[in-house]
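Input: a single structure, listed below in structure tokens.
Chains as they are written, first to last, in our numbering: chain A, 16 to 309; chain B, 725 to 1162.
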């Protein structure tokens, strides 16, 4: 390739990719490095020029702070709850939608609808649904003679209630991913299993699920990351309560920075969180690595 | 993942970039305004003063100055001010929440207004308001309006029970007396309450814990006349007078007692719900509600269809109501501090403020304005005005009030939801102490 053609090729690359790289650097990497730098300082957002270098002081503070530890535990517990409920439910619905059963189109639409609804709208709607005085769910429980539940004001029920909401919201997306995976499985593999005498359940267990492992890895990683990013439920539904049981890390970071005026500590929490999430994603990809290819 | 981890920094950057508020500027000279028309920028919460009518009235007498408004929802005001402070290009004038005065003053966001205040004006300001809007001997805002809380009741529901709440401060109910009435008026129990004794809070997010209302349940267990090193004194103030110590003040034995009383309302007596019910009082779903003088305006504008009344806020050991409302101040970085201060003082103290206080049923900050509004001497507004003067105290003043507010609110909310009062208040004091000591 001549120098001129090489330059032209690089010029094209720059024109097409350059703007996006600039955006990426401006809105992702520069803030990321600023965040890491800020995590080494103690200052208030109201007066950012008056800052003192504290080294790893903010990191040591977060390790010894029970509220931060609780926030991490709550967030990872929430992510585990979401992943463990969404994956099987979404998989079963995808299997149903992949078959030749009636009302598939309607079910597909109904299941996917929450995915395209704003997280804020969903959180607000579920706040009304779970309201103990006028909420639809408590009134339904009362109608069938069951006691009303406190849902969002109970320390033991708030987190499961939000997991339930996320199950409703995220199942559609996971279902679509599983459905795409199911439709990509070669028919001849299933046909071979059928000829060998496998029942439907055996085909599902021994053929479909193993061949779907790539999709499963992807869904698990996506659902984990979505859950770890949860902010709207804490902000809108519970304010992180009761007693910190829904104080998700993203919300905690926001509160630390803006309400408690500790952006240095908030940046340290963000940095640690980034590293943990990175580690979890790598671990998930390694543990769930596919041993099958088709 | 990177997007997730960069959440904080990205949020800050985007908020700062999106911020429409900016400093004012002077336009070209005109025949009427040889120095050019000056545009001052003002950041204020939506649906709050100064209203367009107030601004137009001021502009009419200051033809060479225009006010450019930037509005945000009240819930985002403090965050917006934080971001603007960091941006270095704040608006000239801020309408901010009065209890945050010391935070903003200590951070150098606000300009002291002492040299702009007309002679005698300081003496005209309500003392609780003056304390709230001052820091280290300097005044940062004259104050536009004040609020106080009282207990509203549904007179039609109380009449058959033979309950007649007092109408003056000298005969105000104690909380024990009020609880008797509240319990008698409640209809149903457990899951089957049809009429709650006390309506849920409508302040903040509608959940319990809002410091303006619910910290009073603790502070009323204190006594400002008690020895200064005693726990009764500390309970009343809830935070050391220099705003730097929470241990032993917010979690004194009497404050814990108050927190237990507060908890019992939700978890033992169950006379008020844990979750919000919009318009519970107006819809006859509650006999009593704690609210400000603005609520009178709401009840007058939309007649709920029953007789209602107002009684002074009940107390335990010492009567107390919190003062505090949004107020105007000048930013320290304004390029036009003289003109901005002129606007702030004239809108806060003159006929514009008087008209606003009269029409909005807000309580005036200036004693001279209060004296000129006869409605303030007539029931039910008289209760609020008298409470403000006799019982009014600012929320605990501190350069870290915003942090105090957040931590105390969370603790009170958790106590309402069933957390152990002592454990939770102690945890709040522990969390607060390092912040206050900074």
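From the three backbone atoms N, C-alpha and C, an ideal C-beta is built for every residue, glycine too.
* Under the DSSP definition of a beta bridge, which residues are partnered with residue 1034 of chain B? -> Beta-bridge pairing links residue 1034 of chain B to B:876.
* Between A:237, A:71, A:281, which lies nearest to residue 263 of chain A when the distance is taken from Cα to Cα? -> Comparing Cα positions, the closest option is A:281.
* To do: Please confirm if residue 273 of chain A has its CB atom under 8 Å from at least one CB of chain B.
  => With 8 Å as the cut-off, residue 273 of chain A counts as an interface residue toward chain B.
* Asked: Would a C-beta distance cut-off of 8 Å place residue 767 of chain B and residue 794 of chain B closer than the cut-off?
  -> Contact flag set, yes.
* Asked: Who are the near neighbours of residue 980 of chain B in its chain, counting only those whose CB is closer than 7 Å to its CB and skipping five residues on each side?
  -> Correct list, in chain order: 1145, 1146, 1149.
* Name, going along the chain, the residues of the stretch 41–67 of chain A whose beta-carbon falls closer than 7 Å to a beta-carbon of chain B. => Cβ contacts with chain B come from 42, 43, 46, 47, 49, 50, 59, 60, 61, 62, 63.
* Compute the beta-carbon to beta-carbon distance between residue 242 of chain A and residue 97 of chain A, rounded to the nearest angstrom, for a pair I have assumed lies under 8 Å. => About 4 Å separates the two Cβ atoms, so the contact holds.
* **For residue 889 of chain B and residue 1100 of chain B, the rounded distance between their alpha carbons** => If you take the alpha carbons of residue 1100 of chain B and residue 889 of chain B, they lie about 20 Å apart.
* **Three-way DSSP call (helix, strand, coil) for residue 301 of chain A in this model** => Shown here, residue 301 of chain A sits in a helix according to DSSP, grouped into three states.
* What is the DSSP secondary structure of residue 246 of chain A, reduced to helix, strand or coil? -> Coil at residue 246 of chain A, not helix or strand.
* To do: Give a yes or no on whether the minimum CB-CB distance between residue 299 of chain A and chain B is below 8 Å.
  => No, no contact with chain B.
* Compare the beta carbon distance of residue 1051 of chain B and residue 822 of chain B with 8 Å and say whether it is the shorter of the two. => A contact, by the Cβ cut-off of 8 Å.
* Asked: Can you tell me the Cα-Cα spacing of residue 932 of chain B and residue 972 of chain B, whole angstroms?
  -> Distance between the alpha carbons of residue 932 of chain B and residue 972 of chain B: 24 Å.
* Asked: What do you get for residue 20 of chain A, buried or exposed, if any count of 16 or more other CB atoms within 10 angstroms of its CB means buried?
  -> Result: exposed.
* Could you give the DSSP three-state label for residue 32 of chain A: helix, strand or coil? => DSSP, reduced to helix, strand and coil, places residue 32 of chain A within a helical segment of the structure shown.
* So which of B:826, B:754, B:846, B:942 has the shortest CA-CA distance to residue 1043 of chain B? -> Ranking the options by Cα distance to residue 1043 of chain B, first place goes to B:942.
* **Helix, strand or coil at residue 182 of chain A according to DSSP, with G and I counted as helix** => Collapsing the DSSP output to three states places residue 182 of chain A in a helix.
* Asked: Is the Cβ of residue 908 of chain B closer than 8 Å to any Cβ of chain A?
  -> Cβ-Cβ to chain A under 8 Å: no for residue 908 of chain B.
* Nearest candidate by alpha-carbon position, reference residue 1143 of chain B, set A:29, A:256, A:52 -> That would be A:256, whose Cα lies nearest to the Cα of residue 1143 of chain B.
* Asked: Going along the stretch 164–188 of chain A in order, which residues come within less than 8 Å of chain B, judged by CB to CB distance?
  -> Going along the stretch 164–188 of chain A in chain order, one finds 165, 167, 168, 169, 170 with a Cβ nearer than 8 Å to chain B.
* Under the DSSP definition of a beta bridge, which residues are partnered with residue 769 of chain B? -> Under DSSP, the beta-bridge partners assigned to residue 769 of chain B are B:796.
* **CB contact check: residue 86 of chain A to chain B, cutoff 8 Å** => Contact with chain B is absent for residue 86 of chain A, since none of that chain's Cβ atoms lies less than 8 Å from the residue's Cβ.
* Between the Cα of residue 870 of chain B and those of B:788, B:1135, B:1048, spot the shortest distance and give me the residue it belongs to. => The residue with the shortest Cα to Cα distance from residue 870 of chain B is B:1048.
* If you count every other CB in all the chains shown that lies within 10 Å of the CB of residue 735 of chain B, and 16 or more means buried, which is it? -> Here residue 735 of chain B scores only 47 on pLDDT, less than 50, and its place in the model should not be relied on; the value that follows carries that caveat. Burial is judged here by how many other beta carbons sit within 10 angstroms of a residue's own beta carbon; residue 735 of chain B has at least 16 and is buried.
* Should the stretch 910–923 of chain B be called in touch with the stretch 992–1001 of chain B, which here means at least 3 C-beta pairs below 8 Å? -> Between the stretch 910–923 of chain B and the stretch 992–1001 of chain B, the count of Cβ pairs shorter than 8 Å is three or higher; the stretches touch.
* Mind checking which residues open and close the beta strand (DSSP E) that includes residue 860 of chain B? => Note, residue 860 of chain B: premise wrong, no beta strand (DSSP E); not H, not E.
* Counting only beta-carbon atoms, is residue 815 of chain B nearer than 8 Å to chain A? -> Not an interface residue.
* **As assigned by DSSP and simplified to three states, the class of residue 741 of chain B** => In this prediction, residue 741 of chain B scores a pLDDT of 39, lower than 50, which makes its location untrustworthy; no coordinate-derived value is stated.
* Asked: So what's residue 1116 of chain B in DSSP terms, helix, strand or just coil?
  -> In the three-state reduction of the DSSP assignment, residue 1116 of chain B falls in the strand class.
* Asked: Any heavy atom of the ligand NAD closer than 7 Å to the Cβ of residue 145 of chain A?
  -> What this structure holds is no ligand at all, so the ligand NAD is not there to describe.
* Check residue 918 of chain B in the structure and name its three-state DSSP category. => Residue 918 of chain B: coil per DSSP, three-state reduction.
* Asked: What are the residues of the stretch 978–1011 of chain B that lie near chain A, defined by any Cβ-Cβ distance shorter than 7 Å?
  -> Considering only beta carbons, the part of the stretch 978–1011 of chain B lying closer than 7 Å to chain A consists of 997, 998, 999, 1001, in chain order.
* Could you tell me the distance, in whole angstroms, from the CA atom of residue 903 of chain B to the CA atom of residue 881 of chain B? => If you take the alpha carbons of residue 903 of chain B and residue 881 of chain B, they lie about 15 Å apart.
* To do: Using alpha carbons as the reference points, say which of B:771, B:811, B:775 lies closest to residue 796 of chain B.
  => Checking every option, the nearest Cα to that of residue 796 of chain B belongs to B:771.
* Which residues, in chain order, does the stretch 223–244 of chain A contribute to contact with chain B at a C-beta distance below 7 Å? -> The stretch 223–244 of chain A vs chain B, Cβ under 7 Å: 240, 243, 244.
* **Backbone secondary structure at residue 822 of chain B - three-state DSSP** => Three-state result, residue 822 of chain B: helix.
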